[in-house]
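What follows is a single structure, written as structure tokens, with notes after it.
See below:
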């Protein structure tokens, strides 16, 4: 188990490094990296001066060495727009996205477990059929479209909810709901599938033959096993929910990492983009490692590997 | 009066059907039997005979749908349990009547430790608290001879061996001292020596607690060892029932007779004279050793002569499959050589290996897994010719496929069908036809009949024997129990923990085993003939 | 008895699949809808190209469902007075083309990479999978935004980015399947028959992975389409004057309060197509899975 976990952490670290090297070289591949930092209409002299100042004219290995050196010192570059170190800007945005994602993920997970288990108890029953159509529709909904339609309906027409911005409870309702929709739809499908498998497993027969009460058969014997695949999929959803956060933050004007990244890209603030990529990757990989640990605690077969 | 009191379970006129896409199929058609206190009733039948369905009905775990109980009563202590409410029924399960399953790894919950799974019985039915029920669970584990029961109770199912898991299952069934235990193929997946111990344990517990035991099995030997009465099922109907001795010694129904005659190892003919061991061996295994994490195969030496059938017998982990994989060059040895006509197969270059692959063919244990499910029989059998493209002209494929199908007892029309449309025995015939396709010199049969029912086993063994004579083949026939090889092979090698413990002519091994392990193996193999001597 | 059962099964095979299809009404409706969409995508634009660019300033932001004008204006008109129907039809072609190309390339390349890395294992296999992990661990939308920001958001780049970000799914799935199939006895049987690596991979292993890959591809088509529309919505996807459903939603967003239909209809199209693909995929999962399908057919024989 320890060996497995350390291997996992090591490979995650490699993944982060790999991603970063990729970004570094991709940025250089486009030709003049100054192009990424400066406004499109910047005059030639400004560009030249900028390139020299930041050493973009040096050979690529020198640049890479400096890039790694800065990285080791925790220096992720300087935001030209915000006139602050890029890392500070990013670290300010991260908690906003994390709290939004955590609330959404919790709701999606619990909702999916309840709906999926109920659907699995009587496959092809009326509840199962309805939940299938509803959850597949949810999984198919383009979130940006749902978001603007919801704003039109609930904010503009009905005036029940604020159109955008952060604040107390009413401000959270629409962003969270929209972020929940797709993961919920997907997870319901997964829970249903794995619960059907679990409920038709042989060990459920054993439990019934022991005279275990039906409630306990479902929620103790089957659910504990049925949750295992759900946890794996929930891990993949960490990246998916970050996708959703980009959209939701952009539309509702939440200053999270998604909006920061899109804004920085539009404002050509490349240092912030770079820093955001690194931090996002680290966060997502950490979540995946936590999920691995959760998986191993729930499944003794992994634990003893 | 007394007689009535002794009857624990009475099944009368039970009929069950399954709803399928093609309409309902009758799995059990009006069966009757009775179980008395302190007795063992063996329900014998091959796969599909309805024996496990019957057990599911008694335990109330038949999945409905697709299953449907059409008629019948199941009396437990003179009460028809099929008429009880779900809650009343639940209170009986595990409490008055309990079941032991075959595939213990699947039937124990993988995410809970075994102690808590046994303790659950006490919490459900006796409302004992956690600590009390845990202690009782540990005591039960001790009773079924699990060493270090107190610490092992915290372990999970996958950490036990197959035999130990079966003991855990038994402990769980025993927990509330039920009147009846149903054992559904309890020893099928186990090695013979362990099988004997489990059967002994079950018999001992039955006597100790004066329970009734229903033993469901396809293995006549197992039934012969333990049963008082037997019921023989075929296609959901009882074809014969009575005391063990009557049914086994004077079978009346043709199916029972056929079953009895297909038991391997009735007679031993002397085969010494048939062999010409003076000639050079076609295959010679020398000092063969293979290490994985442990030693799988250790300094193995033997020879295979032309037209000879060599049996390799050993329990799981004995290294017999490693030997087969090495002969097939599916893996490389740690040290040692295999000489094929005097040339080491591990020194073969690409061309030599390719022609070796033509001369040596294989038939595997699981006839379903060894045939590609996406290919039809024609493509399966003709594939070797596509690989060895100079062997046969394409225009002759169809004719040759038909010939091969006929020689293994199948219909030429079967060529267009897919493997899943055949039964296990028929699939094995397809695999044999494929092995014959290239006119090989040697066929390796890796547990080729182990997954089949006894009557099918006998047919396949007969087929292999006929084919040997017809095409002058040599076989290396690998098996995990001795009775199977008795009829077929000329010489036997007995393996244990990677080493050969004994080898010799088949009649010598069976009549005068020298090594204690061979003696154990012979003693442990449940045999119908022990009954007659009993 | 065995024989009777067998012939019955084989003759009913086709019928059974057909009846399974008709039984699942939702899947049936989905496939009809998808076929319709494909026909529109292929033939629609050439029939309506004239009205796609035709501006009619008198009909600016014309509300939908009015019979007063040409049938092409039934779903209303945009801010320049162009027919919504014509624009939706052209957008159908673009959206479908981008998604189909991206799915095709990611499935073929990802599938082959997964097959090869699963079969040969070893270092190369591991490196390939690490690469897949890197791509998987990062939000695909952000990755696409960044790449499209560095390079120009052209049609080709868009397809490459979408294909690239979805490839890991196929790699992982194909590899996982291969690792399992590789250990099956019929592969050992093929090796001991003398079959070449090429034959084993493409004749024995690949056919068994294809049903799974196709099922995933169906689902993935919806994903890619949603991804493309999100990118277009964010302004880094397809650029005007070209148009996709996602871009139409983005353009309509500015007129939300005065002309809701501009954003509503293209979004609805995205959702309906994605839903149909989802329904089709969940049906395919049962039908194309040899294990599940045969389980259905074999009920009679394995009635224990």
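Residue numbers (this note's numbering), protein chains in the order written: chain G, 303 to 607; chain U, 6 to 539; chain F, 645 to 948.
For each residue, glycine too, the CB sits at the ideal point set by N, CA and C.
query, result
"Starting from residue 29/U, follow the beta strand (DSSP E) in both directions and report where the run begins and ends.", "28–41"
"By Cβ distance below 6 Å, which residues in the same chain neighbour residue 468/G in space, the five residues on each side in sequence not counted?", "556"
"Quick one: which chain F residues come within Cβ less than 9 Å of residue 563/G?", "786, 789 and 790"
"In this structure, how does DSSP classify residue 675/F when only helix, strand and coil are distinguished?", "helix"
"Go to residue 467/U, then tell me how far its alpha helix (DSSP H) extends in each direction, as first and last residue.", "459–476"
"Look at the alpha carbon of residue 519/G and the alpha carbon of residue 418/G, and state the distance between them as a whole number of angstroms.", "16 Å"
"Counting Cβ pairs closer than 8 Å, one from the stretch 198–208 of chain U and one from the stretch 80–99 of chain U, do we hit at least three?", "no"
"Taking the C-alpha atoms as reference points, what is the distance between residue 832/F and residue 333/U?", "9 Å"
"Looking at C-alpha atoms only, which residue of 747/F, 838/F and 896/F is the closest neighbour of residue 726/F?", "896/F"
"Which complete beta strand (DSSP E) runs does the stretch 342–429 of chain U hold, if anything under 3 residues is left out?", "365–368"
"Leaving out five residues on either side along the sequence, give the residues of the same chain with a beta carbon under 6 Å from the beta carbon of residue 889/F.", "735, 739, 873, 910, 913 and 914"
"Between residue 392/U and residue 352/U, what straight-line distance do the alpha-carbon atoms span, to the nearest angstrom?", "22 Å"
"Kindly indicate if chain G contains any beta-carbon less than 8 Å away from that of residue 882/F.", "no"
"Take residue 303/U and list the residues in its own chain whose beta-carbon comes closer than 6 Å to its own, dropping the five residues that flank it on each side.", "294, 503 and 504"
"Can you find at least 3 beta carbon pairs, one from the stretch 367–386 of chain G and one from the stretch 573–584 of chain G, that sit closer than 8 Å?", "yes"
"Between the alpha carbons of residue 58/U and residue 20/U, how many angstroms are there, rounded?", "10 Å"
"Which residues of chain F have a Cβ atom closer than 9 Å to the Cβ of residue 458/G, listed in chain order?", "900 and 901"
"What residues in the stretch 105–120 of chain U bring their beta carbon closer than 8 Å to a beta carbon of chain G?", "106, 108, 111, 112, 113, 114, 115, 116, 117 and 118"
"With DSSP as the reference, please indicate the residues paired to residue 450/U in a beta bridge.", "368/U and 482/U"
"Consider the Cβ of residue 507/G: report whether some Cβ of chain U lies at a distance smaller than 8 Å.", "yes"
"Between the Cα of residue 210/U and the Cα atoms of 512/U, 229/U and 179/U, which residue gives the shortest distance?", "179/U"
"Please return the same chain residues whose Cβ sits closer than 6 Å to the Cβ of residue 481/G, not counting the five positions on each side in sequence.", "406, 546 and 550"
"Using the three-state DSSP reduction, which class does residue 163/U fall into: helix, strand or coil?", "helix"
"Since residue 861/F meets chain U, which of its residues come closer than 8 Å, beta carbon to beta carbon?", "In chain order: nothing, as chain U lies at least about 19 Å away."
"Could you pull out every residue in the same chain whose Cβ sits closer than 6 Å to the Cβ of residue 389/U, ignoring the five residues on either side in sequence?", "442 and 443"
"Any idea what DSSP makes of residue 508/U, helix, strand or coil?", "strand"
"Taking residue 479/U as the query, report the chain F residues whose CB atoms sit under 7 Å from its CB, ordered along the chain.", "Within 7 Å Cβ-Cβ: nothing; residue 479/U doesn't reach chain F, min ~16 Å."
"Does DSSP put residue 7/U in a helix, a strand or coil?", "Residue placement at residue 7/U cannot be trusted, given a pLDDT of 43 that sits under 50; the coordinates are not used to answer."
"Closer than 8 Å by beta-carbon distance: list the chain G residues that pair up with residue 302/U, in chain order.", "The contacting residues do not exist; residue 302/U stays about 26 Å from chain G at best."
"Skipping 5 residues on each side, what residues in its chain have a beta carbon closer than 6 Å to that of residue 354/G?", "none"
"According to DSSP, is residue 498/U part of a helix, a strand, or is it coil?", "strand"
"Among 320/U, 263/U, 343/U and 438/U, which has the Cα closest to the Cα of residue 500/U?", "320/U"
"Based on the DSSP secondary-structure assignment, which residues constitute the bridge partners of residue 74/U?", "21/U"
"What is the rounded straight-line gap between the Cα of residue 335/U and the Cα of residue 836/F?", "7 Å"
"Once you ignore the five residues that flank residue 920/F on each side, which residues in its own chain have a CB closer than 6 Å to its CB?", "674, 677 and 678"
"Quick check on DSSP: helix, strand or coil for residue 84/U?", "strand"
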